[in-house]
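Below is one structure; the comments refer to it alone.
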Amino acid sequence: MNIFRLAGDMTHLISILVLLLKIYATKSCSGISLKTQELYALVFLTRYLDLLTDFISIYNTVMKLVFIGSSLAIVWCMRRHRVVRRSYDKELDTFRHYFLIAATFALAVLVYEKFTFREILWAFSIYLEAVAILPQLVMLQRSGNVDNLTGKYVFFLGAYRAFYILNWIYRYFTEARFTRWIACVSGLVQTALYADFFYYYFISWKNNAKLKLPA
Amino acid sequence: CLQTPPKDEL
Chain E
8 MNIFRLAGDM THLISILVLL LKIYATKSCS GISLKTQELY ALVFLTRYLD LLTDFISIYN
68 TVMKLVFIGS SLAIVWCMRR HRVVRRSYDK ELDTFRHYFL IAATFALAVL VYEKFTFREI
128 LWAFSIYLEA VAILPQLVML QRSGNVDNLT GKYVFFLGAY RAFYILNWIY RYFTEARFTR
188 WIACVSGLVQ TALYADFFYY YFISWKNNAK LKLPA
Chain B
12 CLQTPPKDEL
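Line by line, the protein sequences are chains E and B. The numbering used here applies: residue 8 is where the first sequence begins, and numbers increase by one. The numbering used here applies: residue 12 is where the second sequence begins, and numbers increase by one.
Laid out in structure tokens, this is it:
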């Protein structure tokens, strides 16, 4: 494992910890899109089916379990927790996420590495992850004001994607046959979605001001 | 035949 991959996994982990901290400390999930969180839970559940059949490393297994567990816990909190669920901004979270599921599943049936049940679900999870942040970004845009922890959560998620791209560039030059086109192209699309958010994040950081997105 | 490398990323 190279340093970029490790940095990517760590920023991914930090983003989830920031989100859990926000929900736990403030007993509130305001500004967080339940739809994005449900999509992530689906992404992890469909991608990590290999937990049952393949063993890669302790690190790999633990991280997968953490991602599945934390995403399910967040969805549970937002839907069922007596206090937390009251702060969910349902009227701002209106993205039609079922369309994303349908469209990415259709793409996975057309473009895959191998025509097997698991490989198609793997491709589906990669495509879905690429667009899963959209409901969250739309929600941020709608509310305009972004609270500190929510802003940091999205920032770390974006950083995770950026590090993964550096990781692929590194692997392309150091490994003989590193060709993972589906993951790389989807990863580029996914990172591009954050470009706008990053732009405003850095402006607010430079001016030492609260993060605000234009309406 | 061409073997796809293991999916070791998260």
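For glycine and all other residues, C-beta sits at the position ideal for the given N, C-alpha and C.
query	result
9 Å Cβ cut-off: residues of chain B touching M70 of chain E	L21
Exposure label - G76 of chain E; buried when at least 16 CB within 10 Å	exposed
Sequence-distant residues of its chain with Cβ nearer than 6 Å to Q148 of chain E (five each side left out)	L220
Simplified DSSP assignment, three categories, for K219 of chain E	strand
For N67 of chain E, the residue or residues it bridges with in DSSP	Answer is none; N67 of chain E lacks a bridge partner.
Contact check, S94 of chain E vs S35 of chain E, beta carbons under 7 Å	yes
Member of E:R187, E:Y105 and E:D100 whose CA lies at the smallest distance from the CA of V145 of chain E	E:D100
Among E:T123, E:L58 and E:R184, nearest to V73 of chain E - alpha-carbon criterion	E:L58
Cβ-based burial, N9 of chain E [other Cβ within 10 Å; buried from 16]	exposed
Bridge-paired residues (DSSP) for N152 of chain E	E:K219
N215 of chain E versus L200 of chain E - alpha carbon distance	24 Å
Interface flag, D16 of chain E vs chain B, CB-CB below 7 Å	yes
Straight-line Cα distance separating F209 of chain E from W128 of chain E	According to the sequence provided, residue 128 of chain E is Leu. The question's Trp does not apply to it. Those two C-alpha atoms are separated by around 36 Å.
Span of the alpha helix (DSSP H), counted from its first residue to its last, around C191 of chain E	W188 to L200
From E:N155, E:Y206, E:F162 and E:Y105, residue whose alpha carbon lies closest to that of L135 of chain E	E:Y105
Members of the region 122-150 of chain E that neighbour chain B once the beta carbon cut-off is set at 8 Å	W129
S78 of chain E and Y31 of chain E closer than 7 Å at C-beta	no
Contacting residues, own chain, Cβ-Cβ under 6 Å from A137 of chain E (five flanking each side not counted)	S193, V196 and Q197
Among E:R86, E:L156 and E:I176, nearest to K11 of chain E - alpha-carbon criterion	It should be pointed out that residue 11 of chain E corresponds to Phe in this sequence rather than to Lys. Measuring from the Cα of F11 of chain E, the nearest candidate turns out to be E:I176.
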